[in-house]
Amino acid sequence: MPELLWKAYIDFETAECEFERARELYERLLDRTKHLKRARRVFEEALNYFRSSAPDLKEERAMLLEKWINFEAPSGELGDVSLVQSKLPKKLKKRRQVSTEKDGSSRIEEFIGYLFPEATQTTNLKILEAAYKWKKQKL
160 MPELLWKAYI
170 DFETAECEFE
180 RARELYERLL
190 DRTKHLKRAR
200 RVFEEALNYF
210 RSSAPDLKEE
220 RAMLLEKWIN
230 FEAPSGELGD
240 VSLVQSKLPK
250 KLKKRRQVST
260 EKDGSSRIEE
270 FIGYLFPEAT
280 QTTNLKILEA
290 AYKWKKQKL
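The opening position of the sequence shown corresponds to residue 160 in my numbering, with each subsequent residue numbered one higher.
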């Protein structure tokens, strides 16, 4: 029953657009109840959201995975930590040219990019598809 009260409080904060407070309340609820399956489901839903609805938010997705690993580590179940670690992205140092509006000059800016494992799998599939199409055209 206390979870229903917590949920009502979280729903109230969400309705008032106090998302940060709602997140804090939800984290406190998970800390108190220790429902691992429910917490993992929340992490999976958030990961699916970043994957499908917000693919441009790669840094936030990487931060979510780091939080998930920090959550799994104290529970002692190594299989779950390795499962989450397999979803971690590779950090890539990239450069891009940025032009300034005042004088029209440009400079090179370095930034950290993220390459997620499923992105590399899809590029491999694209290469295979292109090779298959080429082979069909040749025959």
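Backbone N, C-alpha and C fix where the C-beta goes; we use that ideal spot for every residue, glycine too.
Computed from a prediction, not measured in an experiment: that's the story for all the values here.
Inter-residue spacing [alpha-carbon to alpha-carbon] between residue i and residue j
| i | j | result |
| --- | --- | --- |
| Tyr-185 | Arg-254 | 38 Å |
| Leu-224 | Lys-297 | 44 Å |
| Ile-271 | Trp-227 | 21 Å |
| Arg-180 | Ile-286 | 46 Å |
Three-state class that DSSP yields for residue i in the structure shown
| i | result |
| --- | --- |
| Phe-270 | strand |
| Ser-234 | helix |
| Leu-206 | helix |
| Leu-223 | helix |
| Ser-245 | coil |
| Thr-250 | In the sequence as displayed, the identity of residue 250 is Lys instead of Thr. Correct three-state label for Lys-250: strand. |
Close beta carbons around residue i, own chain, < 6 Å, minus the five adjacent residues each side
| i | result |
| --- | --- |
| Leu-242 | none |
| Lys-249 | Leu-274 |
Option in the options with minimal Cα separation from residue i
| i | options | result |
| --- | --- | --- |
| Leu-247 | Glu-219, Thr-173, Arg-191, His-194 | Glu-219 |
| Val-257 | Glu-268, Ala-290, Asn-207 | Glu-268 |
| Arg-199 | Tyr-291, Val-240, Thr-259 | Val-240 |
| Lys-217 | Gly-263, Trp-165, Glu-277, Lys-292 | Glu-277 |
Residues of its chain near residue i, where Cβ-Cβ distance is below 8 Å and the 5 sequence neighbours each way are ignored
| i | result |
| --- | --- |
| Ala-205 | Leu-223 |
Chain-order list of residues whose beta-carbon lies under 7 Å from that of residue i (same chain, five-residue window excluded)
| i | result |
| --- | --- |
| Ser-212 | none |
| Lys-252 | Glu-269, Ile-271 |
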